[in-house]
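All letters in the sequence shown, in the order written, are residues 0 to 136 by numbering that gives the first Met the number 0.
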Amino acid sequence: MAGALALHPLHTTLTQLGFDARDRTALITIRVFADDFRAAARGESDSTAFTYVAAGFTLTNADGRALTLAWCGARRTGDVVWLCLRAPAPCGLAGLRVHARLLFDLYEDQINIVQARYEGRRVSLLFSRGDPPKPLP
Numbered sequence: 000m001a002g003a004l005a006l007h008p009l010h011t012t013l014t015q016l017g018f019d020a021r022d023r024t025a026l027i028t029i030r031v032f033a034d035d036f037r038a039a040a041r042g043e044s045d046s047t048a049f050t051y052v053a054a055g056f057t058l059t060n061a062d063g064r065a066l067t068l069a070w071c072g073a074r075r076t077g078d079v080v081w082l083c084l085r086a087p088a089p090c091g092l093a094g095l096r097v098h099a100r101l102l103f104d105l106y107e108d109q110i111n112i113v114q115a116r117y118e119g120r121r122v123s124l125l126f127s128r129g130d131p132p133k134p135l136p
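Shown next, in the form of structure tokens:
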């Protein structure tokens, strides 16, 4: 673990959340350090990665129901992995609750940033361990 700390002393993920109005879909891209993600997901397969991400990143609607995430792949660029997810969001992103808990199981100092763009808005949410889901206005 000391080697990982030397590589990047900050433990962060960055999630970009957008909305495709044509097919009413939330578009989710998560940037995570490759070594952290490999340790957390405990495997290299897409199914293992998706299982971990789906447990640690959720979108819920006004009724408290989780949107169904669909995996659209991962790609590695240097020291980071870009994870791609989609979810049907028939009512758009406004009013959804976001919960970004990735890597909290590994690092006490983990910070997850979510940047959402929709309906001409830019919203940033910051998550640390123990935070509840947060609403998109």
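Glycine residues also receive a C-beta, built at the ideal position from the N, C-alpha and C atoms.
Using C-beta distances below 6 angstroms, list every residue in its chain close to S123, excluding the 5 sequence neighbours before and after it, in chain order. Cβ within range, chain order: Q114.
Who are the Cβ neighbours of L13 in its own chain at under 6 angstroms, not counting the five residues just before and after it? Taken in chain order, the residues that qualify are R30, I112.
Could you give the residue range of the alpha helix (DSSP H) that holds D45? D45 -> alpha helix (DSSP H) spans 45–55.
For the alpha helix (DSSP H) that contains F103, what are its first and last residues? Careful: F103 lies outside any alpha helix (DSSP H) and carries neither H nor E.
What residue from G91, R21, A86 has the CA that sits closest to R120's CA? Taking only the C-alpha atoms, the option nearest R120 is G91.
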